[in-house]
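The block underneath contains the structure these notes are about, expressed in structure tokens.
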Amino acid sequence: MKNDFEGKVALVTGSASGLGRATALLFAEKGAKVVVSDVAEEGGLETVRLITSSGGHASFISCDVSNEHEVIQLISHTLETYGQLDFGVNNAGIGGLMTPTHLYPSAEFEKVMSINTNGVFLCMREELQVMLEQGFGSIVNVSSVAGLAGFPNNLAYSASKHAVIGMTKTAGLEYARKGIRVNAVCPVFTITPMVTEMFEIIGDQKDKLQASIPMKRFGQPEEIAETIVWLCSDAASFVTAHAMPIDGGFMAG
Numbered sequence: 176m177k178n179d180f181e182g183k184v185a186l187v188t189g190s191a192s193g194l195g196r197a198t199a200l201l202f203a204e205k206g207a208k209v210v211v212s213d214v215a216e217e218g219g220l221e222t223v224r225l226i227t228s229s230g231g232h233a234s235f236i237s238c239d240v241s242n243e244h245e246v247i248q249l250i251s252h253t254l255e256t257y258g259q260l261d262f263g264v265n266n267a268g269i270g271g272l273m274t275p276t277h278l279y280p281s282a283e284f285e286k287v288m289s290i291n292t293n294g295v296f297l298c299m300r301e302e303l304q305v306m307l308e309q310g311f312g313s314i315v316n317v318s319s320v321a322g323l324a325g326f327p328n329n330l331a332y333s334a335s336k337h338a339v340i341g342m343t344k345t346a347g348l349e350y351a352r353k354g355i356r357v358n359a360v361c362p363v364f365t366i367t368p369m370v371t372e373m374f375e376i377i378g379d380q381k382d383k384l385q386a387s388i389p390m391k392r393f394g395q396p397e398e399i400a401e402t403i404v405w406l407c408s409d410a411a412s413f414v415t416a417h418a419m420p421i422d423g424g425f426m427a428g
């Protein structure tokens, strides 16, 4: 229903484009007020414009999720602006280098882990503090099928997304009796700017990747967003500590 989230507040990190933007737009379409957050200010403001021009409510705050101070400021902004936080979608992330493990630079590994893993940890920790005080809330962390299986030449990304699932399951168990649900989504290759950039690097391997998906196509951001928003809804009230593949059957093969 269109107004399922009337009076609710959703925070979506990494929402200047791609999956994050699609999720922010869908929350707004369903009536939620949305905090749009990203390091890309121009894209983030465009997401806000798309929401407000359709009659929705949104605000933007720049945030590097690997920076603890900025994450604390992000949550403070959310509370100062809207007074509550119902849904946290921790989506911000990067792909990192695609190179064999024995050649992987330590600085690049640390960079990917800092954003993809530490960033989710910092956001989730601050979101949980608010939700514990409220006595309710739902968090969705964005992992990947690379968090469910190994992906050659993609060490840091795969490691970071495995860690996201571990944190999700742990927090889901910790807060299951406190009115807070914590889940993760694990998309297969989805047509976002990050994945499009990867396709440019791998060239003719793109067709092989598509063929490896039983549905023989890549995902669309809107399809992943629908699942994220569903996980935040009352329709998913008995779902927590779950890592849900959204993969066209990829992980079942």
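Numbers 176 to 428, taken from my numbering, label the letters of the sequence shown in order. Every residue, glycine too, gets a C-beta built ideally from N, C-alpha and C. Note that the structure is a prediction, hence the values are computed from the model and not measured.
Near T247, which residues of its chain fall below 7 Å by C-beta distance, leaving aside the five closest residues on each side in sequence? Working through the sequence shown from its first residue, we reach residue 247 at position 72. It is Ile, not Thr, that sits at residue 247 in the sequence shown. Residues of the same chain with a CB within less than 7 Å of the CB of I247, apart from the 5 flanking positions on each side, are E301 in chain order.
Is any heavy atom in the ligand COA found nearer than 6 Å to the beta carbon of G219? Summarising the ligand content, the structure contains no ligands, and the ligand COA is consequently not present.
Within a Cβ cutoff of 6 Å, which residues of the same chain sit near A207, ignoring the five residues on either side of it in sequence? Taking the sequence shown and counting its residues from 1, one reaches residue 207 at position 32. Excluding residues within five positions, the ones whose Cβ falls inside 6 Å are F180, K183, A185.
Which parts of the stretch 234-265 are runs of the alpha helix (DSSP H), unbroken and 4 residues or longer, counting only runs that do not cross its ends? Segments of the alpha helix (DSSP H) lying fully in the stretch 234-265: 243-257.
Out of P362, G394, Q309, point me to the one whose CA is closest to Q259's CA. Indexing the sequence shown from 1 puts residue 259 at position 84. Here the closest residue by C-alpha is Q309.
DSSP beta-bridge partners of S192: Position 17 of the sequence shown, counted from the first residue, corresponds to residue 192. DSSP, once it has assigned bridges, lists no residue as partnering S192.
If we call anything under 7 Å between Cβ atoms a contact, is S251 one with I236? Along the sequence shown, one-based indexing puts residue 251 at 76. Along the sequence shown, one-based indexing puts residue 236 at 61. No, the pair does not count as a contact, with Cβ atoms beyond the cut-off.
What does the Cβ neighbour count give for H244, buried or exposed, with the cut at 16 atoms within 10 Å? Position 69 of the sequence shown, counting from 1, holds the residue named residue 244. H244 comes out exposed.
Where does F425 land, buried or exposed, given buried means 16+ other C-beta within 10 angstroms? Here residue 425 refers to the residue found at position 250 of the sequence shown. By the beta-carbon neighbour count (other beta carbons within 10 angstroms, threshold 16), F425 is buried.
Outcome for K336 when other beta-carbon atoms lying within 10 angstroms are tallied against a minimum of 16: Counting from 1 along the sequence shown, the entry for residue 336 is found at position 161. Buried, by the Cβ-count rule.
Cross-strand partners of A185 (DSSP beta bridge): Within the sequence shown, the letter at position 10 stands for residue 185. Paired residues: V209, F262.
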